[in-house]
Amino acid sequence: MSDKKKMFEVALYRSFDHTIRRKMARDPSTSPYVLAKLANDKDEDIRRTVAINPNTPSKALELLAKDWFSTVREAVAHNASTEAHTLEKLAKDEDYSVRFAVIGNPNTSIATLKNIAMENDHDIRYAVREILSKRSSQ
Numbered sequence: 044m045s046d047k048k049k050m051f052e053v054a055l056y057r058s059f060d061h062t063i064r065r066k067m068a069r070d071p072s073t074s075p076y077v078l079a080k081l082a083n084d085k086d087e088d089i090r091r092t093v094a095i096n097p098n099t100p101s102k103a104l105e106l107l108a109k110d111w112f113s114t115v116r117e118a119v120a121h122n123a124s125t126e127a128h129t130l131e132k133l134a135k136d137e138d139y140s141v142r143f144a145v146i147g148n149p150n151t152s153i154a155t156l157k158n159i160a161m162e163n164d165h166d167i168r169y170a171v172r173e174i175l176s177k178r179s180s181q
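In terms of my numbering, the sequence shown opens at residue 44 and continues consecutively.
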């Protein structure tokens, strides 16, 4: 990335305009550097949008996996770029929707899926069985 483009991106992510920051967070061509900065945004919506972006660096996803808001953590769990060790931590999340999102992530390890399947929730156990069945048939 050219220095000029990087300076322009930095100016934009520092913008007070929520719409500009959100567009940057959503854009897959936004640099990982700027996405990492936006992962610290004060606005939950911006952080959630960064968590969805496939270009978000793993360190930023690790940070977002500890976010106060479950919607941000759930977005991290859905992101196909989230690494297995981060998904393992999210599998223990107090929020059902976060744990359920972990099940569908292709990076979730078999061991993590088996741990999630130990829950008493029928829907969780069924979803894990379906995922394990699909993986074994591939």
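Even glycine gets a Cβ: it sits at the ideal position worked out from N, Cα and C.
{"Query": "Is it true that the CB of A82 sits closer than 9 angstroms to the CB of L104?", "Result": "yes"}
{"Query": "Around the C-beta of R178, are 16 or more other C-beta atoms found within 10 angstroms, so that it is buried, or is it exposed?", "Result": "exposed"}
{"Query": "In angstroms with no decimal places, state the Cα-to-Cα distance between F143 and R64.", "Result": "29 angstroms"}
{"Query": "Determine, using beta carbons only, whether N158 and H121 come nearer to each other than 9 angstroms.", "Result": "no"}
{"Query": "Which value, in whole angstroms, describes the spacing of the CA atoms of E126 and N150?", "Result": "6 angstroms"}
{"Query": "Please report the Cβ distance between S113 and E131, rounded to the nearest whole angstrom; I am assuming they are in contact, meaning their Cβ atoms lie under 8 angstroms.", "Result": "Going by Cβ atoms, the distance from S113 to E131 rounds to 17 angstroms, so no, they are not a contact pair."}
{"Query": "Could you have a look at K66 and say whether DSSP puts it in helix, strand or coil?", "Result": "helix"}
{"Query": "How many Å lie between I100 and Q181 at the Cα?", "Result": "Reading the sequence as shown, one finds Pro at residue 100 and not Ile. So the two alpha carbons sit approximately 28 angstroms from each other."}
{"Query": "Are the CB atoms of P97 and S140 within a distance shorter than 9 angstroms?", "Result": "no"}
{"Query": "Determine the extent of the alpha helix (DSSP H) in which P75 is found, giving its start and end residues.", "Result": "75–81"}
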